[in-house]
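Trainee: Numbering-wise, the working numbering puts 783 at position 790 of the sequence shown, and it's gapless, one number per residue. All C-beta atoms in this analysis are idealised placements derived from N, C-alpha and C, irrespective of residue type, glycine included. The following block contains the structure, expressed as structure tokens.
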Amino acid sequence: MKKFVILVFIFTGFIVSAQDHHCAMESHMEEMMKDPHFAREWELQQQQFKQSVKQNLGANFRQQIMDEIVIPVAVHFPSGLESDRACLEALAQNQVDILNGDFTATNPDSNLWNTAAQFYPGVIHGVANVQFCIATSNHPTATDDDLVEGGPAVTIGYDFGGGSDADNAWSGYMNFLVKDIGGSVLGYSPLGGSINAGQSVVINTYAFGSGTGCSASGIVPGGGSNLGRTTTHELGHFFNLQHTFSGSCASDDGIADTPNIVNPNYGCPAPGSIAGCESGEFALTMSYMDYGNDPCLYMFSQGQTDVMDTYVGILQSQFKPNTIPVCVQIPEYIITNGSVTSCNGLFYDSGGAGDATDPGQYTNNEVYTYTICPEGPGQSTQLVFSEFQTQNNTDVMSIYNASDASDPATLIGEFSGTNSPGTVAATLTNTSGCLTIVFTSNEFNTDLGWEAFISCINPPAECQTIVAQLDSASPAPNDEGIILVCQGESITLNGSGQFSEAGGGTGAAYQWDIGDGTTISGQSATFSFDAPGVYIANLNIWDTNTTVFPEGCKNDNKINQVIRVSTTPDISASDDTATSICYGDSSTITAVVTPTPYINECTPPESNVTFLPDGNGDVYNTCIVVDCFESDQTLEDISQIIDICLNIEHSYLGDLDIIIVSPNGQQAYLHQYDIFSSGGGTFLGAPIDDESTTPGTGADYCFSANATSLLVNGPTIMAGNPAGLSIAPGTYLPQQSFNQLVGSPLNGNWCIKVVDNIPIDNGYIFSWGINFDSSIVPPNQSFTPDIVSSVWSDDPTITDVNGDTISIS
Ligand SMILES: [Zn+2]
-6 MKKFVILVFI FTGFIVSAQD HHCAMESHME EMMKDPHFAR EWELQQQQFK
44 QSVKQNLGAN FRQQIMDEIV IPVAVHFPSG LESDRACLEA LAQNQVDILN
94 GDFTATNPDS NLWNTAAQFY PGVIHGVANV QFCIATSNHP TATDDDLVEG
144 GPAVTIGYDF GGGSDADNAW SGYMNFLVKD IGGSVLGYSP LGGSINAGQS
194 VVINTYAFGS GTGCSASGIV PGGGSNLGRT TTHELGHFFN LQHTFSGSCA
244 SDDGIADTPN IVNPNYGCPA PGSIAGCESG EFALTMSYMD YGNDPCLYMF
294 SQGQTDVMDT YVGILQSQFK PNTIPVCVQI PEYIITNGSV TSCNGLFYDS
344 GGAGDATDPG QYTNNEVYTY TICPEGPGQS TQLVFSEFQT QNNTDVMSIY
394 NASDASDPAT LIGEFSGTNS PGTVAATLTN TSGCLTIVFT SNEFNTDLGW
444 EAFISCINPP AECQTIVAQL DSASPAPNDE GIILVCQGES ITLNGSGQFS
494 EAGGGTGAAY QWDIGDGTTI SGQSATFSFD APGVYIANLN IWDTNTTVFP
544 EGCKNDNKIN QVIRVSTTPD ISASDDTATS ICYGDSSTIT AVVTPTPYIN
594 ECTPPESNVT FLPDGNGDVY NTCIVVDCFE SDQTLEDISQ IIDICLNIEH
644 SYLGDLDIII VSPNGQQAYL HQYDIFSSGG GTFLGAPIDD ESTTPGTGAD
694 YCFSANATSL LVNGPTIMAG NPAGLSIAPG TYLPQQSFNQ LVGSPLNGNW
744 CIKVVDNIPI DNGYIFSWGI NFDSSIVPPN QSFTPDIVSS VWSDDPTITD
794 VNGDTISIS
């Protein structure tokens, strides 16, 4: 080993090493060099490199490059899951953090060199003048649609390079391509890579980053490559570093300060334990460019970082500009009593991240409550736990879906031992978007604690599922589920909601719609009805999530609690009851109680006759009251109107507008007046066409969206007096589609509006009705009350009471 650190890079070509698959750089290069175009480009870049080395030798090289070169990084997970983005982005940042530590001698285990250095006189732990930053701006287009300005250049599911290791769209970046390359190959890289060519450093799925990785995407660091140093090693190749071993003492890695050795070293050799080619020298087994396990690799030599700095100096002009407005260093948050607003960070137990010398355990008797809130409105905090280990059952983390831990209903779960929370996020109904973490440890034993990635998610605009339910009722429903009461009798309903999200019911609003147009706020409602009938009570619930609906998300089920309010029975005396007796005589009276049926028709036909006098633009209305639907029920589709039928006679169809008007004023022409083409003197039905107002005979004309012919085009028959052509009764297409009515409330006044546009001629609507599809019409709610009890009012004349019969005197 030379005693001076001098750049004497004598490399003239790559060297294919022995049958070794740990790093596939050599075989990768051998394959690439078969391409003459690549080979030429590569040779040119190497010549440029050697030129730079010569220049560097003539100057105080390291003082020249005081300003670190910022390297825009892009990370690609072609087999990753977009749903795993938060984890993969954090893993990418984790790997970049590792690189920044390893390349600048600020790695957490760099202290190991302090004791190892004695075996390597003159070797200095090198510091490269580089900083790796994941690009966040000016992303290339048409690669991964999920990349956003300000977000990291981490592609997920993007077919980088169409399966190759270079992608022109990602020219200008230091690309890391994480994919399954099979077998025991941890990774590979070009030796002296090209940024212009969009080349990448390829890392196997089990050798990228540290921690527990992102298992859903199958990216899990493990084995001896669990600290992200495969990327450090391969990046060394990309920056023109050879392995420290060269296969022969006759050759060398071209770097002055690394002892010449023949073979790679595996596992974790003790410093100074492997002899080098030169007497008294030892293999620099802790160099990232050897083959040891990650925990036993912790340095580049200064000769190595000089080579890389020189090479990066050549690459510098190839880096795409404006990709890194801010180089993100992922902040770390240690649990304490307090809170933080963050959408990017690592959350640790009180022992912090830990490193090779300090595992970073939490302490005994901790009680911390820590709230993590998102930076933007409408965002939700998400924690992805990559490590979790506490003393089982005694050192417990509780996570609340809220900005504090006051409401037990917001508790998401309690975690201890190795029962990791995994991925936890604030839900939609939690409008704060915060998560609150309570950690308590007992007085015995500690453990490693946890690491969690903090990110923010924009929750999809969705409502949770809210199910309203009736908890109790007084009077209780009968066997059929119907509440039976008398007029004026008090009814109390108590209801609640089931919410699909933890704590989703916090702050919810409750309202009873008791079916007569009245609403009562609160979970409990007490009320009575003065009028007999059938009332359908429902509980409406709104949560506090206003992201979808301004008033909050509502339950979509209906309790439909039927309440029957009895009619007034008819009471009379039996026929054999004496109607007159003499003073002092006695008699018996037998009362006969007859229940009065309650008839509920949903859309009763209008039975009153509507006279349609002749007019000159005069308007006549005939309306029916529809009241059997639920108060907020609307016409959703024209198929819900089967037909509208009129029994009508008129002596001049050409006179008329016939219009159906919905309860809120939406309308559709059934027949439309037109001076030339609306039917002229054709009759409807059988009118008496003598200018008298004597009613003729109506005929049934229905209007349906399923008909094919307009009324005016209908077939004619002879009818009326004197007889004339009359449109045949039948079903006709309305002039305007019933679509005009969609959205209208169903309950209310539905009216037929007739406009008589021309003087002379008159007519009658004898009846009309509207038929709704049976699927939306509630079941017939007609009923006849049972007589449950009857009593006679006290009176001094009553001498005996025997059921419904009394004796009087
Ligand atoms: Zn290698």
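Please determine whether the Cβ atom of His226 lies at a distance below 7 Å from any heavy atom of ligand 1.
Mentor: Yes, the Cβ of His226 comes within 7 Å of a heavy atom of ligand 1.
Trainee: Ligand 1 and Met292: does the residue's C-beta get closer than 7 Å to at least one heavy atom of that ligand?
Mentor: No, the Cβ of Met292 stays beyond 7 Å of every heavy atom of ligand 1.
Trainee: So for Asp787, helix, strand or coil by DSSP?
Mentor: Coil at Asp787, not helix or strand.
Trainee: Which one or two residues does DSSP pair with Thr362 in a beta bridge?
Mentor: Looking at the DSSP assignment, Thr362 forms a beta bridge with Val431.
Trainee: Between which two residues does the beta strand (DSSP E) harbouring Tyr662 extend?
Mentor: Per DSSP, Tyr662 belongs to the beta strand (DSSP E) from 660 to 664.
Trainee: I need the boundaries of the alpha helix (DSSP H) containing Met18, first residue and last residue.
Mentor: Segment 18 to 25, the alpha helix (DSSP H) holding Met18.
Trainee: Is any heavy atom of ligand 1 found at a distance shorter than 7 Å from the C-beta of Cys289?
Mentor: Answer for Cys289: no, Cβ out of range of ligand 1.
Trainee: Under a three-way DSSP split, which group does Gln88 fall into?
Mentor: Note: Gln88 maps to helix in three-state DSSP.
Trainee: How about Leu605 and Val705: do their beta carbons lie closer than 8 Å?
Mentor: Cβ distance not < 8 Å, so Leu605 and Val705 don't count as in contact.
Trainee: Shorter than 7 Å, the distance from the beta carbon of His21 to the closest heavy atom of ligand 1, or not?
Mentor: His21 Cβ: outside cutoff for every heavy atom of ligand 1.
Trainee: What residue range is occupied by the uninterrupted beta strand (DSSP E) comprising His643?
Mentor: Counting along the chain, the beta strand (DSSP E) containing His643 begins and ends at 634 to 643.
Trainee: Enumerate in chain order the residues of its own chain whose CB-to-CB distance from Thr792 is below 6 Å, with the five nearest sequence positions on each side excluded.
Mentor: Hits under 6 Å: Ser800, Ser802.
Trainee: So, for His118: in the same chain, excluding its five sequence neighbours on each side, which residues have a beta-carbon less than 6 Å away from its beta-carbon?
Mentor: Here the set comprises Ala98, Trp106, Met292.
Trainee: Please name the residue, chosen from Gly353, Gln192, Val178, Ile328, that lies closest to Tyr284 on a Cα-to-Cα basis.
Mentor: Comparing Cα-Cα distances from Tyr284 to each of Gly353, Gln192, Val178, Ile328, the minimum goes to Val178.
Trainee: Tell me whether Met18, by its Cβ, gets closer than 7 Å to a heavy atom of ligand 1.
Mentor: Yes, the Cβ of Met18 comes within 7 Å of a heavy atom of ligand 1.
Trainee: Just to check my reading of the structure: His236 and Asp246 have Cβ atoms closer than 8 Å, yes? What is that Cβ distance to the nearest angstrom?
Mentor: About 6 Å separates the two Cβ atoms, so the contact holds.
Trainee: Determine, using beta-carbon pairs with one atom in the stretch 411 to 424 and one in the stretch 376 to 390, whether at least three such pairs fall under 8 Å.
Mentor: With a cut-off of 8 Å, the stretch 376 to 390 and the stretch 411 to 424 count as touching, because enough Cβ pairs lie within range.
Trainee: Give a yes or no on contact between the stretch 657 to 671 and the stretch 774 to 782, applying the rule of three or more CB pairs nearer than 8 Å.
Mentor: With a cut-off of 8 Å, the stretch 774 to 782 and the stretch 657 to 671 do not count as touching, because too few Cβ pairs lie within range.
Trainee: Could you tell me how far apart the beta carbons of Pro252 and Phe232 are, in whole angstroms, since I believe they sit closer than 8 Å?
Mentor: Rounded, the Cβ-Cβ distance is 21 Å, inconsistent with contact.
Trainee: Under the rule that 16 or more other beta-carbon atoms within 10 Å means buried, what is His30, buried or exposed?
Mentor: Exposed.
Trainee: How is Gln480 classed by DSSP in three states: helix, strand or coil?
Mentor: Coil.
Trainee: Can the beta-carbon of Ile556 be found less than 8 Å from the beta-carbon of Tyr528?
Mentor: Their beta carbons are under 8 Å apart, which means Ile556 touches Tyr528 by this criterion.
Trainee: So for Phe42, helix, strand or coil by DSSP?
Mentor: Of the three classes helix, strand and coil, the one that applies to Phe42 here is helix, per DSSP.
Trainee: Which value, in whole angstroms, describes the spacing of the CA atoms of Asp797 and Ala469?
Mentor: Spanning the two alpha carbons is a distance of roughly 28 Å.
Trainee: Should Ala395 and Tyr181 be called a contact, given that it needs their Cβ atoms to be closer than 8 Å?
Mentor: Not in contact: Ala395 and Tyr181 (Cβ atoms no closer than 8 Å).
Trainee: Could you check if His132 belongs to the surroundings of ligand 1, using beta carbon to heavy atom distance under 7 Å?
Mentor: For ligand 1, not one heavy atom lies less than 7 Å from the Cβ of His132.
Trainee: Anyone know if the C-beta pair for Asn122 and Asp250 falls short of 8 Å?
Mentor: No, they are not a contact pair.
Trainee: Ignore the nearest five residues each way along the sequence and tell me which others in Gln311's own chain have a CB closer than 7 Å to its CB.
Mentor: Contacts found: Gly165, Ile188, Asn189.
Trainee: Can you tell which of Leu463, Arg78, Leu339 has the C-alpha that lies nearest to the C-alpha of Gly150?
Mentor: Comparing Cα-Cα distances from Gly150 to each of Leu463, Arg78, Leu339, the minimum goes to Arg78.
Trainee: Between the Cα of Val63 and the Cα atoms of Ala85, Cys80, Leu92, Val360, which residue gives the shortest distance?
Mentor: For the residues Ala85, Cys80, Leu92, Val360, the minimum Cα distance to Val63 belongs to Leu92.
Trainee: Which residues bound the beta strand (DSSP E) around Phe231?
Mentor: Looking at the DSSP string, Phe231 is not in any beta strand (DSSP E); the run it does join, the alpha helix (DSSP H), is 222 to 231.
Trainee: For Thr362, which residues in the same chain have their Cβ closer than 7 Å to its Cβ, ignoring the five residues on either side in sequence?
Mentor: Same-chain partners within the cutoff: Asn330, Ala398, Thr429, Val431.
Trainee: From this set, Pro525, Thr334, Gln504, which residue's C-alpha is nearest Gln774's C-alpha?
Mentor: Checked all of Pro525, Thr334, Gln504; the closest Cα to Gln774 is Pro525.
Trainee: Using only the alpha-carbon positions, how far apart do Ser103 and Trp443 sit?
Mentor: Taking the straight line joining both Cα atoms gives about 23 Å.
Trainee: What is the rounded straight-line gap between the Cα of Thr690 and the Cα of Pro722?
Mentor: C-alpha separation (whole angstroms): 12 Å.
Trainee: For His236, is the beta carbon positioned less than 7 Å from some heavy atom of ligand 1?
Mentor: His236 Cβ: within cutoff of ligand 1.
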